[in-house]
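Residue numbers (my numbering), protein chains in the order written: chain Z, 1 to 360; chain B, 1 to 360; chain W, 1 to 360.
Contents: one structure, followed by commentary.
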Amino acid sequence: RVTRMACLSCLLEYGTVKIIVIRNKAVGSVFRLIQFLIILYVIGYVCVVRKSYQVKDSVISTVTTKVKGTGFTNISGLGAHVWDVADYNIPPEGESSFFVLTNMIITPNQMQSSCPELPDQSTICMSDSDCTEGSSDVRGNGIQTGLCVNYSETVKTCEVLSWCPLEIDTDLPENPLLAAAENFTVLIKNTVTYPKFNFHKRNILPDVNSSYLKQCEFNRITDPHCPIFRLKDMVAEAEEDFQTMATRGGVLGILIDWSCDLDFPEHYCGPKYSFCRMDNKNPENNVAPGYNFRFAKYYKTTDDVETRTLIKSYGIRFDVIVFGTAGKFNIVPTIVNVGAALTILGLVSPVKSAVLGLGV
Amino acid sequence: RVTRMACLSCLLEYGTVKIIVIRNKAVGSVFRLIQFLIILYVIGYVCVVRKSYQVKDSVISTVTTKVKGTGFTNISGLGAHVWDVADYNIPPEGESSFFVLTNMIITPNQMQSSCPELPDQSTICMSDSDCTEGSSDVRGNGIQTGLCVNYSETVKTCEVLSWCPLEIDTDLPENPLLAAAENFTVLIKNTVTYPKFNFHKRNILPDVNSSYLKQCEFNRITDPHCPIFRLKDMVAEAEEDFQTMATRGGVLGILIDWSCDLDFPEHYCGPKYSFCRMDNKNPENNVAPGYNFRFAKYYKTTDDVETRTLIKSYGIRFDVIVFGTAGKFNIVPTIVNVGAALTILGLVSPVKSAVLGLGV
Amino acid sequence: RVTRMACLSCLLEYGTVKIIVIRNKAVGSVFRLIQFLIILYVIGYVCVVRKSYQVKDSVISTVTTKVKGTGFTNISGLGAHVWDVADYNIPPEGESSFFVLTNMIITPNQMQSSCPELPDQSTICMSDSDCTEGSSDVRGNGIQTGLCVNYSETVKTCEVLSWCPLEIDTDLPENPLLAAAENFTVLIKNTVTYPKFNFHKRNILPDVNSSYLKQCEFNRITDPHCPIFRLKDMVAEAEEDFQTMATRGGVLGILIDWSCDLDFPEHYCGPKYSFCRMDNKNPENNVAPGYNFRFAKYYKTTDDVETRTLIKSYGIRFDVIVFGTAGKFNIVPTIVNVGAALTILGLVSPVKSAVLGLGV
């Protein structure tokens, strides 16, 4: 029983350090100033600026887009042609990006046959012996037949098996053919989730109704909550010129920032839109500019021969990038950060001791 | 030599604080209780619940999907038509999402020509002077020719150059045309990597063999490891009705959670599937519902005139979202978190001193 | 005035603990050793290895790709055919992945009609009563008409409404038809942003000029900065054989690592490429291997009947995965980590006291 008593007594006793109180105004002032700065830092920077007392979550997002607008072109070989969304939006549906065709090189009525290669250092030939049957250059347009044929009256090139006639992609129109694309609009529907906080919201805010949505257009000042964007406005916000960008193509980022402080009421948490050109930031490093790709529409003639219209399409790809972190008060990061700050506070005492030691 | 000795001796001496041991049962009890609570918090919350002693890594994932099933429609203008995956899965291949067409408005045999605009506040006209040649409304269907023509016997509208006849998208079938889509299945192949831990795994677990894969179907209770999902089941798990969702389209998230504690053996780390509707969470904020897009199939007539079949396709886009964090013991977060906790423990002494000071 | 004086005096006084200096060489040595180890850990591991004094940011990235090369096939039913990028890159444009067709099963001239199902346990029939009109198996090819018809001279199967003739996908060519794809090249354009540090860079480095870009090809030793990759080389770097992978298809990850220490000059921050096969890591778990999908090209006959060419396409999907974290010195993580380390340092004293207590 005695041992048990002793043990219990041992548990309930405690040690405390003996503290000597010394009055010295100079050292005391410095000490309080350092303490004040540390507390200021903890409150001002750690708490207010960085919100280190919060637990964070990353956004999960879904985006759908819908482009509207029609354009008109009159290209030789294609004739008058009205372009609607099914024509210029390729592929018709993307996860969180959409492409608007603005300029193109069209090569209609291609067929599997043989024709002279485009003239080039490696394709110009004098006789059949300069060409190798079956060889295929990765930068060429087909499989060489081994013949050297007239490309024009003055130039002979190796003949290739390919989709003929070959595309001549050097004469890109200087002004975008579908210049009207600048007035197309896009409706962006974006729903976000913060799973840790069971928070769901969409960018069509509760105060937006159907009739407003039918006629509104995003404007940073007058209509900041309208999810319909005019293409030209977006490009202008990214400090680019639409017609210039449309000629050679490019990638435009539509950034939707859902950063939220969920210690505040939910309606303070909304999308913040910004726009920036994604494909080339440095004008002095302008190698391989623009954005283009090739696609084809396939047809069959009445003789069951496949033909295609090849379109080298230049245009703007709009990437919708949704990001954001939400924070909410939580005890763990609070303790970790306050703990670290208090450690620093505690370090002031040794500093003080050292100062005193020097002073005495 | 003496200086060196002194220096060495100085290095090897040490200071320790003088601790006064006081016995006071009341203060001692409170002190031990606070210590107990802090230790409980460190062990229970920091270690067990939040696993703060682990270093974390985010998942890198690859998804491929394959839909199976055939549906049958009998639409006026199109006739009896069997739909297979090449028809209803548009575009044929997506990175981590796939689309299943369930409802549509088909406008066959469109040609580049001119026809009266659909009647609307801004398109109804009395005479040619109400229409502006060359103008194009972003919400309209083409480029105005400047003529005012009969849309019906009673209504005149401005004529537009466009793909004619225009699509009339107001009479969407009330029941999804491809209602059979609810019985389609999809095989999801998902491989994940945690690069920091050199961990690789796929959702087709090692115990799944070919013959099982040929006939199984995901069921949360009986077949939780089968990676083949019936579309209807997934929609039902998201607490939605397939036929309702299929009529106007939507986006369904297939969430695959690979959160793992890699301090446990590898076979405990597996995919956890969940499903939720992504496109609209608030039924009271139901502006611009659903999901649809337009695409066209292009043909050429024997006279070399391009025609197209425009399809406004409503359907369900399935987004496969793979997420997860793996954790494994590491010394750094352990020290940071334990350090912070011990700081708090150390803070109890001053509290105690203050209590004593008041008590004495 | 006296109270105010007292208060001020109280603020400026300070307490310091009474420290007793004891000389004991053994305990002192252990104490210094522990301190040395902790300081080594703080400097070596926390600072040098983990750079815990830095604030981190994740990369935001845009990728565009462009494949070049032509291949030749001679398949019965299709004839001699040259494939260029518009033919083998499906869909023509992806956000950060591209697909190269390497093998295929082509079923030309399919039409909506009825034909016998492929023979299978569930489709083989003896008489019409074995078939159910209107039924549709999810693993079948169409809607049963209720008739039992001759599939071959010996086998009868249920007739289905479908795109006929049905695809027979059992005889996949053993060697990839488009074996030439191994010599295709792809230009990858990648721009990254670290928004926190306002850092922008692209993978076409400033020292790369147009003429170099026209003829270079990535090689880890000779051309590590060329953004043009030969497909075969990428597959080889992932330790796979191109022809084997091309036969049944697969997914190859092109990993671009932009991890950077932005305390160093900007030109040290560049892309590091690596390649790995994404779709199947465990050869012993080789259920459902490869990667394929079906797509169709639609035509209309002169009688306005829709026909299609169905292509079951096997190929390699290249997923460009850009990742990385940039770090830059910041005071907050420095304080948190140093604070935690100092706490541990402070813990050595009690340890020492305990040692002393035992020793005395």
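Heads up, the beta-carbon is just placed ideally off N, CA and C, and yes, glycines get one too.
- For the region 121 to 149 of chain W, the residues whose beta carbon sits under 9 Å from a beta carbon of chain B are, in order, G134, S136, D137, V138, R139, G140, N141, G142, I143.
- When secondary structure is reduced to three states using DSSP, B/D233 falls in the helix class.
- Cα atoms of B/V160 and Z/S76: separation of roughly 21 Å, rounded to the nearest angstrom.
- Secondary structure note for Z/S211: its alpha helix (DSSP H) is the uninterrupted segment 210 to 215.
- Given a length threshold of 4 residues, each whole run of the alpha helix (DSSP H) inside the region 23 to 108 of chain Z is given here in chain order: 25 to 41, 85 to 88.
- Judged by DSSP in its simplified three-state form, Z/P271 adopts coil rather than helix or strand.
- W/V48 counts as exposed, since fewer than 16 other beta carbons sit within 10 angstroms of its beta carbon.
- The Cβ-Cβ distance between Z/W163 and Z/L310 falls below 9 Å.
- For B/P165, the nearest beta carbon of chain Z is not closer than 9 Å to its own beta carbon.
- Neighbours of B/F72 across chain W, judged by C-beta separation under 9 Å: G134, S136, G142, I143, L161.
- Per the coordinates, the alpha-carbon of B/E117 lies some 11 Å from the alpha-carbon of B/V155.
- With respect to chain W, the C-beta atom of Z/Q112 has a partner C-beta closer than 9 Å.
- Around W/A86, the beta-carbon contacts reaching into chain Z at under 7 Å are R294, F295, A296, L310.
- Of all C-beta pairs linking the region 300 to 308 of chain W to the region 26 to 37 of chain W, fewer than three are shorter than 8 Å, placing the two stretches out of contact.
- Secondary structure at Z/I331: helix, using DSSP grouped into helix, strand and coil.
- Rounded to the nearest whole angstrom, the CA to CA distance from W/D233 to B/R230 is 39 Å.
- Distance from Z/P91 to B/P91 at the Cβ level is roughly 4 Å; contact confirmed, criterion being Cβ atoms closer than 8 Å.
- Taking 9 Å as the CB threshold, W/N175 stays off the interface with chain Z.
- Around the beta carbon of B/Q215, a 10 Å sphere encloses fewer than 16 other beta carbons of the protein chains shown; the residue is thus reported as exposed.
- Here Z/E174 is exposed. Its C-beta has fewer than 16 other C-beta atoms within 10 Å.
- By the CB criterion at 9 Å, B/L178 and B/T102 fall inside the cutoff.
- Using beta-carbon distances, Z/R202 counts as an interface residue toward chain B, with a partner under 9 Å.
- Counting along the chain, the unbroken alpha helix (DSSP H) around Z/A246 starts and ends at 242 to 248.
- Beta-carbon to beta-carbon, B/T62 and W/D319 are separated by about 6 Å, close enough to satisfy the 8 Å threshold.
- Residue contact with chain Z for W/Y299: present (Cβ-Cβ distance below 9 Å to some residue of chain Z).
- A distance below 8 Å between beta-carbons, with the five flanking residues on each side excluded, links Z/F218 to the following residues of its chain, in chain order: P224, C226, P227, I228, F229, R230, D233, Y273.
- In this structure, Z/A181 sits near Z/V100, with a CB-CB distance shorter than 9 Å.
- Here Z/P289 is exposed, its C-beta having fewer than 16 other C-beta atoms within 10 Å.
- Secondary structure of Z/F293 (DSSP, three-state): strand.
- For Z/N330, no chain W residue has a C-beta closer than 9 Å to its own C-beta; the minimum C-beta separation is roughly 16 Å.
- What W/G327 touches in chain Z, judged by beta-carbon distance under 8 Å, is nothing: the nearest beta carbon there is about 16 Å away.
- From the beta-carbon of B/N280, the residues of chain Z found nearer than 8 Å are T191, R202.
- Under the three-state reduction of DSSP output, B/F318 falls in the strand class.
- Put simply, the region 53 to 72 of chain B touches the region 316 to 332 of chain W. At least three CB pairs are less than 8 Å apart.
- Pairing W/I321 with B/G249, the inter-Cα distance amounts to about 30 Å.
- Per the coordinates, the alpha-carbon of W/S211 lies some 21 Å from the alpha-carbon of W/N183.
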